[in-house]
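So the structure is just underneath, and the comments pick up after that.
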Amino acid sequence: MKPEIHPKYHPTARIACACGNVIVVGATVAEMTTEVCASCHPFFTGEQRIVDTAGQVERFMRRLEQGETQRVAERTRAQQLQEQRLAERRKRRGLTPLGATKRSTRGASRKAAPSAETREAGEGESGPPGEAAATGSSEA
């Protein structure tokens, strides 16, 4: 090695972090400073910290939120348009939605009152039809 062309080596050089941590290493510079070290870096500590440069993070978050609201609005518009087309198609075909049918009232009217034939035979009353006719004739 040629003399006097290499930098001086400091075996106990100090690196000072902004968090207050001091590391002693060997280097060609006696004193160094850094903003982030292994004891305060978010990757090593597990905390989520964003270093904002001139409001770029806020602008990005604002754009991200606007995009989400636009996507939600687009989804609702598409669903409304699909429902509208489906309703028009049903109307053209003469179909009604399932909720508009009166199935429950039809079934209830059939079971509510027995017909005239069953009343005469005694089926509308409690008990078998033969017993009602037999008990009525024996008492008289």
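Each residue of the sequence shown is one higher than the one before, counting from 989 in this note's numbering. Using N, Cα and C, we set each Cβ at its ideal position, and we do this for glycine too. Everything numeric in this text was worked out from a predicted model, so none of it was measured.
Separation of the CB atoms of Pro995 and Thr1016 is rounded to 4 Å, and the pair is thereby assigned contact status at 8 Å. Residues of the same chain with their beta carbon placed closer than 6 Å to that of Gln1070 are lacking, with the five preceding and five following residues left out of the count.
With the rule of 3 Cβ pairs closer than 8 Å, the region 1019–1034 counts as touching the region 998–1005.
Gly1082 sits in coil when the DSSP states are folded into three classes, being neither helix nor strand.
The continuous alpha helix (DSSP H) containing Pro1030 extends over residues Pro1030 to Thr1033. Between Cys1025 and Ile1011, the C-beta spacing is below 8 Å. Assigned with DSSP and collapsed to three states, Glu1076 falls in helix. Taking C-beta atoms as the reference points, Ala1042 and Glu1023 fail to come closer than 8 Å. One Cα belongs to Leu1052, the other to Val1060, and the distance between them is close to 13 Å. Its Cα nearest to that of His998, the residue Val1013 stands out among Gly1008, Met989 and Val1013.
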